[in-house]
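Novice: Structure below; questions to follow.
2 protein chains.
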Amino acid sequence: MDSVAVENYLKSIWELGPDDVATQDLAQHLNVAPASATKMLQRLTARGLVSHIPYKGASLTPEGQLKALSVVRRHRLLETFLAQTLNLGREQLHDEAERLEHALSADLEDAIATYLGNPTKDPHGHPIPGPDGQLPTDTDLLLSESPLNQRLIISQVPDRNPEMLAWLERNEIFPDTQLELISRDSFDGGLTANLNGKTVQIASSVANEVHVSLEDDS
Amino acid sequence: MDSVAVENYLKSIWELGPDDVATQDLAQHLNVAPASATKMLQRLTARGLVSHIPYKGASLTPEGQLKALSVVRRHRLLETFLAQTLNLGREQLHDEAERLEHALSADLEDAIATYLGNPTKDPHGHPIPGPDGQLPTDTDLLLSESPLNQRLIISQVPDRNPEMLAWLERNEIFPDTQLELISRDSFDGGLTANLNGKTVQIASSVANEVHVSLEDDS
DNA sequence: TAAAAAGTTTAGCCTTGGCTAAAATAAATA
DNA sequence: TATTTATTTTAGCCAAGGCTAAACTTTTTA
């Protein structure tokens, strides 16, 4: 069994990927000193989960990726399960899943997946990897790259950044919400959108983390 | 925050108590070498959670007891929650809760307790300590010490021993099951009982872990 | 009650996963 | 291109929790 620390490193590398991840970025993401990250990258490389080229960066091996996806699967199943049974705020949901994901056995993972009807998306719209790491192919595009004057449907919102989450909540932006882009600021990429009749300004940092689809897939 | 190991030591001392716990018993219960247990007992004593008298035994301080009961509360709430939502076997229930109990935040603990309506018993009939460690007083007695020829109601069954669990399951002995003792073997304490019309032999080891009540409290 | 057995603790070692400070390398700038 | 700056790694330290082997108590038994 992998330790909590190992699982967290693998997940972080996956989240920061798919390109090579810089030691500093990884360290920051995990809230540890860069030297600690280096040491762990070496250990993970020795175990065949990561390939780390000194001074260059690190990425997951196929085996490491599988393990990372397993953590992501557990996380997203837990978020979905907790959202469906208890009703917690979106931010709390994420934090709880973050803790519990490491303590979920394969059996319980199965039981939860079955209970939920083997969902392929979590409440934020993020795809849930299958038991063998399959990621449902998604045809989404980023809001920041979407065309103007066309009906868009939110398919995915970020779940990690508390301020962003609060902002989304305040503006009632969830998966399945409809919107239409009115204009794009050519300088910084900020957007103006029409959302349920209201006009909203969307910062480019947010637009880069929101996915939308053009066709109406529920 | 206490580590998983610390929480497990405290819980084990509580489970083996309330008398002084021997180093060996504790080590065996936790599946570690006796020397490891000694070392941890010293650390816990230094932290004021345990009082350990060398060569004599160890017990929880009030503070240690509070923490132990907090773990027990989380465990039993989780068992109840999982039993109610997913439906898992009784043994699996216990194992999963054993893992998850250490990753449950105070907030999620509250949310689950509220969702369940602040239960005072888990599915095995074990009392669930309150948020401040209050244990509901129970008026049960052990099946092994119960009178013959009287209507008894099972109030609590063990949850730890897999063989015992399987035996109980096979004989359909759950909390709230009714039974009546017919005879007691004066030599080894084995019992003969009437259970839903069927006559069952109950080993004394089992009878020592099953609680019953005389009056009909639901 | 003395010797043997059982139980407990100490001593010393190991791995994991952190840290800081210093050295090495890569990137940016003058 | 030479030098400053930023990033990364190495070296050496620490605490937690394990382990085994040896020493020390306590209990049992002859």
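In order, the protein sequence lines correspond to chains A and B. Its first residue numbered 1, the first sequence is counted upward by one per residue in the numbering used here. Its first residue numbered 1001, the second sequence is counted upward by one per residue in the numbering used here. Ideal placement from N, C-alpha and C gives every residue a C-beta, glycine not left out.
Nearest to B/Ala1207 by alpha carbon, out of B/Pro1158, B/Glu1172, B/Ser1051?
Specialist: Closest option to B/Ala1207, Cα to Cα, is B/Pro1158.
Novice: Once you ignore the five residues that flank B/Leu1010 on each side, which residues in its own chain have a CB closer than 6 Å to its CB?
Specialist: Result list for B/Leu1010: Gly1064, Lys1067, Ala1068, in chain order.
Novice: Just checking my contact of B/Ile1153 with B/Ile1173 at CB under 8 Å: how many whole Å lie between their CB atoms?
Specialist: That pair is no contact at about 11 Å.
Novice: Is it true that the segment 30 to 50 of chain A meets the segment 99 to 112 of chain A, where meeting means three or more beta-carbon pairs spaced less than 8 Å apart?
Specialist: The answer is no - the segment 99 to 112 of chain A does not touch the segment 30 to 50 of chain A, with fewer than three Cβ pairs under 8 Å.
Novice: Any idea if A/Asp132 is buried or exposed, counting beta-carbon neighbours within 10 angstroms, 16 or more meaning buried?
Specialist: That one is exposed.
Novice: Residues bridged to A/Pro127 by DSSP?
Specialist: Per DSSP, A/Lys121.
Novice: Between the segment 108 to 125 of chain A and chain B, which residues of the former have CB atoms less than 9 Å from a CB of the latter, in chain order?
Specialist: Result list: Leu108, Ala111, Ile112, Thr114, Tyr115.
Novice: Would you kindly check if the distance between the Cβ of A/Asp95 and the Cβ of A/His211 is under 7 Å?
Specialist: No, they are not a contact pair.
Novice: Roughly how far, in whole angstroms, is the beta-carbon of B/Leu1026 from the beta-carbon of B/Ala1033, given that I think they are within contact range, below 8 Å?
Specialist: Their Cβ separation, rounded to whole angstroms, is 11 Å, which puts B/Leu1026 and B/Ala1033 out of contact at 8 Å.
Novice: Count the CB pairs spanning the segment 87 to 101 of chain A and the segment 51 to 59 of chain A that are closer than 8 Å, and state whether there are at least three.
Specialist: The segment 87 to 101 of chain A is not in contact with the segment 51 to 59 of chain A.
Novice: Use the C-beta contact count for B/Ile1182: other C-beta atoms within 10 angstroms, 16 or more gives buried, fewer gives exposed.
Specialist: The residue is exposed, with fewer than 16 neighbouring Cβ atoms inside 10 Å.
Novice: Identify every residue that forms a DSSP beta bridge with A/Thr199.
Specialist: Bridge partners of A/Thr199: A/Asn194.
Novice: With DSSP as the reference, label A/Ala97 as helix, strand or coil.
Specialist: Helix at A/Ala97.
Novice: In the segment 1027 to 1039 of chain B, which residues sit with their C-beta less than 9 Å from some C-beta in chain A, listed in chain order?
Specialist: The residues in question: there are none.
Novice: Could you tell me the boundaries of the beta strand (DSSP E) in which B/His1102 lies?
Specialist: Premise fails: B/His1102 is in no beta strand (DSSP E) and is neither H nor E.
Novice: Between which two residues does the alpha helix (DSSP H) holding B/Gly1064 run?
Specialist: First-last of the alpha helix (DSSP H) with B/Gly1064: 1062 to 1085.
Novice: Using CA coordinates, which residue listed in B/Glu1007, B/Leu1135, B/Arg1074 is at the minimum distance from B/Asp1110?
Specialist: Checking every option, the nearest Cα to that of B/Asp1110 belongs to B/Arg1074.
Novice: At a CB-CB cut-off below 7 Å, which residues of chain A make contact with B/Ser1105?
Specialist: Result: Glu96, Arg99.
Novice: Is the segment 1078 to 1088 of chain B touching the segment 1123 to 1132 of chain B in the sense that three or more CB pairs, one from each, lie closer than 8 Å?
Specialist: The segment 1123 to 1132 of chain B is in contact with the segment 1078 to 1088 of chain B.
Novice: Just tell me which of B/Arg1170, B/Ser1213, B/Met1040 has its CA closest to the CA of B/Asp1138.
Specialist: Closest option to B/Asp1138, Cα to Cα, is B/Ser1213.
Novice: Would you tell me roughly how many angstroms separate the C-alpha atoms of A/Glu169 and A/Val72, rounded to the nearest one?
Specialist: One C-alpha to the other measures close to 23 Å.
Novice: Which chain A residues sit within Cβ distance under 7 Å of B/Leu1179?
Specialist: Result: empty, since nearest Cβ-Cβ is about 31 Å, beyond 7 Å.
Novice: Can you give me, in chain order, the residues of the segment 69 to 97 of chain A that have a beta carbon less than 7 Å from any beta carbon in chain B?
Specialist: Listed by position, the residues of the segment 69 to 97 of chain A near chain B (Cβ gap below 7 Å) are Thr85, Leu86, Leu88, Gln92, Glu96.
Novice: Using DSSP's beta-bridge definition, name the partner residues of B/Ala1058.
Specialist: Partner(s): B/Val1021, B/His1052.
Novice: Mind listing the chain A neighbours of B/His1102? Cutoff is C-beta to C-beta under 8 Å, in chain order.
Specialist: Ordered by position in chain A, the residues that pass the 8 Å Cβ test against B/His1102 are Ala103.
Novice: What alpha helix (DSSP H) runs, 4 residues minimum, are completely inside the segment 1145 to 1178 of chain B?
Specialist: List check, alpha helix (DSSP H) in window: 1162 to 1170.
Novice: Using a threshold of 7 Å, state whether the C-beta atoms of A/Tyr115 and B/Leu1086 are closer than that.
Specialist: Cβ distance < 7 Å, so A/Tyr115 and B/Leu1086 count as in contact.
Novice: CB-CB under 7 Å to A/His52, same chain, minus the five flanking residues each way: which ones, in chain order?
Specialist: Once the five neighbours on either side are set aside, the close Cβ partners of A/His52 are Leu41, Gln42, Thr45, Ala58.
Novice: Classify A/Glu180 as helix, strand or coil using the three-state DSSP reduction.
Specialist: Strand, per DSSP.
Novice: Return the CA-CA distance between A/Asn194 and A/Gln150, expressed in angstroms with no decimal places.
Specialist: Cα to Cα, A/Asn194 sits roughly 10 Å from A/Gln150.
Novice: Exposed or buried, A/Asp217, counting other C-beta atoms within 10 Å across all chains shown (16 or more means buried)?
Specialist: Caution is warranted here: a pLDDT of 43 is assigned to A/Asp217, below 50, making its placement in the model unreliable, and the coordinate value is therefore given only provisionally. Exposed.
Novice: Could you spell out the range, first to last residue, of the beta strand (DSSP E) harbouring B/Val1212?
Specialist: Element bounds for B/Val1212: 1211 to 1213.
Novice: Using a Cβ-Cβ cut-off of 7 Å, state whether A/Asp217 counts as contacting chain B.
Specialist: With a pLDDT of 43 at A/Asp217, under the threshold of 50, the modelled position of this residue cannot be trusted; read the value that follows with caution. Cβ-Cβ to chain B under 7 Å: no for A/Asp217.
Novice: Does the separation of the CB atoms of A/Ser144 and A/Gly189 fall below 7 Å?
Specialist: Taking 7 Å as the Cβ cut-off, A/Ser144 and A/Gly189 qualify as a contacting pair.
Novice: Go to B/Asp1043, then tell me how far its alpha helix (DSSP H) extends in each direction, as first and last residue.
Specialist: The amino acid occupying residue 1043 of chain B in the given sequence is Arg; Asp does not appear at that position. 1034 to 1046 is the span of the alpha helix (DSSP H), which, as asked, contains B/Arg1043.
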